[in-house]
Structures are given as C-alpha cells and as structure tokens.
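Structure record follows, encoded as structure tokens.
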Amino acid sequence: MKELSQTTRWRLISGTLGVMCLLLMATLGILLKFYIEPTSFPGLNIEPQKGSDCCSCPEKWVGYRCNCYFLSGEVKTWEGSRSFCVSQNSSLLQLQNRDELAFMQFSEQFYWIGLSYNEERGAWLWEDGSAPSWDLFSSLETPDPKNCIVYEPMKSAVDEPCKTENHYICKQQRI
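Residue numbers (UniProt numbering): 1 to 175.
Given below as structure tokens:
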C-alpha cells in the first residue's frame, strides 16, 4: 500500500511539472510573437540600434541604421510597388551603399527597387531624380531601358520587364 501511494505522488508531481512546462512554453511563444518582428522573412538578421532611438518605425516595418524598411510579402508590378510605397509616405528603395541591407544578407529573393530609366534625360535614375552609383551593382551589365531593376540584397541586380510581379522594398529615411 505504501508503494502505491508513493508512485501516485510521483505521478502527480511529474504531471504538475509537465503542465507548468507547457504553460511556460506557451507564454514564451506569445511573448515572442509580440516582440520579435518580422517573422516572415527568411534570412533576416536585424541588429538593434544601440544607444539611439532614431528608428521609430511603423508596425511591420524594420528599423535599421536610422531608416525604416518595408519588405513586402506580396508581389506587385514595379508601378504597383511604387504606388504602395508612396501611399505609405515612403519610396521604393534607393540604395546608398552595398551594405545598406546587411540585415538581409541571407535573403534569396529579388525585390523591386526605385531605379528606372528616365527617357527624357536618357539615363537610369532613382525616384528622387538622382543618378545611381553603378558600383553598387557589380553583376548588372547593360540594363534594358524598357525594364526596371530588381535587387537581391548583398548579391546582385538584374533588369526585368516592369510589368513582372516581384516583391519590393519601401524605405522611409528617418535622418
């Protein structure tokens, strides 16, 4: 009789500990869901801003080096992407340097950026009218002026027909 009650006691203790463990794991999962963003972009490696509060970004945007970036989960044409960014008080990404998107170094998707051919000026220009630094795009040979540019962060850029649907990156400068 004594052995039976001791076995029952251990079963009760182990059951209680198991339930507590499940509750702690569920709580941790809920906390991570609310405090870690974004979770839908493979290869994203976000470094928090240290000693600075310059990155106050809208929900679902990534703050990095005092800029805010929106990485689309959906695909649109270049013009559709541009319109979406404008509706968010931003523009398609205008790269400043090669490591600007270092937090996306393992991304393997191509994204529309804000570079297109301006027929009036006969040149490739960013949306703000400035000329790109072509050393940003080591793999881009001679792009077709009828196309727009898609960019794979930290790797390469290619030109594609602007009507093709791709993911896109919007940028809000916070400086």
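Backbone N, C-alpha and C fix where the C-beta goes; we use that ideal spot for every residue, glycine too.
Fair warning: this is a prediction, and the values are worked out from it, not measured in the lab.
Item to complete: In angstroms with no decimal places, state the Cα-to-Cα distance between Q88 and Y69.
Response: Here the question's residue 88 lines up with position 88 in the sequence shown. Here the question's residue 69 lines up with position 69 in the sequence shown. Using only the alpha carbons, I get a separation of about 11 Å.
Item to complete: Would you kindly check if the distance between the Cβ of Q94 and the Cβ of G122 is under 8 Å?
Response: Position 122 of the sequence shown, counted from the start, is the residue given in the question as residue 122. Position 94 of the sequence shown, counted from the start, is the residue given in the question as residue 94. Not in contact: G122 and Q94 (Cβ atoms no closer than 8 Å).
Worksheet item: So, using beta-carbon positions, are E152 and F110 closer together than 8 Å?
Response: The residue you call residue 152 lines up with position 152 of the sequence shown. The residue you call residue 110 lines up with position 110 of the sequence shown. E152 places its beta carbon less than 8 Å from that of F110.
Discussion item. Quick check on the DSSP output: the alpha helix (DSSP H) that includes E84 runs from which residue to which?
Written reply: Taking the sequence shown and counting its residues from 1, the one referred to as residue 84 is at position 84. Going by the sequence as given, residue 84 is Phe instead of Glu. Unbroken alpha helix (DSSP H) run through F84: 78 to 87.
Discussion item. Tell me the rounded alpha-carbon separation between R11 and L23.
Written reply: Position 11 of the sequence shown, counted from the first residue, corresponds to residue 11. Position 23 of the sequence shown, counted from the first residue, corresponds to residue 23. If I take the Cα positions, the gap works out to 18 Å.
Discussion item. Using the Cβ count rule (16 or more neighbours within 10 Å means buried), how would you classify N97?
Written reply: If you number the sequence shown from 1, residue 97 lands on position 97. With fewer than 16 other Cβ atoms inside 10 Å of its own Cβ, N97 counts as exposed.
Worksheet item: Ends of the beta strand (DSSP E) at D159?
Response: What you label residue 159 is simply residue 159 of the sequence shown in a count that begins at 1. 156 to 161 is the span of the beta strand (DSSP E), which, as asked, contains D159.
Worksheet entry | Separation of K163 from L136, as counted between CA atoms | Your numbering for residue 136 matches position 136 in the sequence shown. Your numbering for residue 163 matches position 163 in the sequence shown. For the pair L136 and K163, the Cα-to-Cα distance works out to about 24 Å.
Worksheet item: Contact check, K171 vs S91 under 8 Å by CB: the rounded distance?
Response: The sequence position of residue 171 within the sequence shown is 171, counting from 1. The sequence position of residue 91 within the sequence shown is 91, counting from 1. Indeed they touch by this definition, with Cβ atoms about 6 Å apart.
Practice prompt. Please say whether E160 and N147 have beta carbons closer to each other than 8 Å?
Written response: The residue given as residue 147 occupies position 147 in the sequence shown. The residue given as residue 160 occupies position 160 in the sequence shown. Cβ distance < 8 Å, so N147 and E160 count as in contact.
Practice prompt. Measure the C-alpha to C-alpha separation of D99 and T77 and round it to an integer number of angstroms.
Written response: Mapped onto the sequence shown, residue 99 falls at position 99. Mapped onto the sequence shown, residue 77 falls at position 77. In a straight line, the C-alpha of D99 is about 25 Å away from that of T77.
Fill in: Minimum C-alpha distance to I169 - residue among L28, W124, R9, W112
Numbered from 1 along the sequence shown, position 169 holds the residue referred to as residue 169. Per the Cα distances, W112.
Worksheet item: Ends of the beta strand (DSSP E) at K171?
Response: Here residue 171 refers to the residue found at position 171 when the sequence shown is read from its first residue. Looking at the DSSP string, the run of the beta strand (DSSP E) that includes K171 is 167 to 173.
Worksheet item: Taking all protein chains shown into account, do 16 or more other C-beta atoms lie within 10 angstroms of the C-beta of W61, making it buried, or fewer, making it exposed?
Response: Mapped onto the sequence shown, residue 61 falls at position 61. So W61 counts as buried.
Fill in: Start-to-end residues for the beta strand (DSSP E) that takes in G129
As a first step, residue 129 must be located in the sequence shown, where it is residue number 129. Counting along the chain, G129 falls outside any beta strand (DSSP E), and DSSP gives it neither H nor E.
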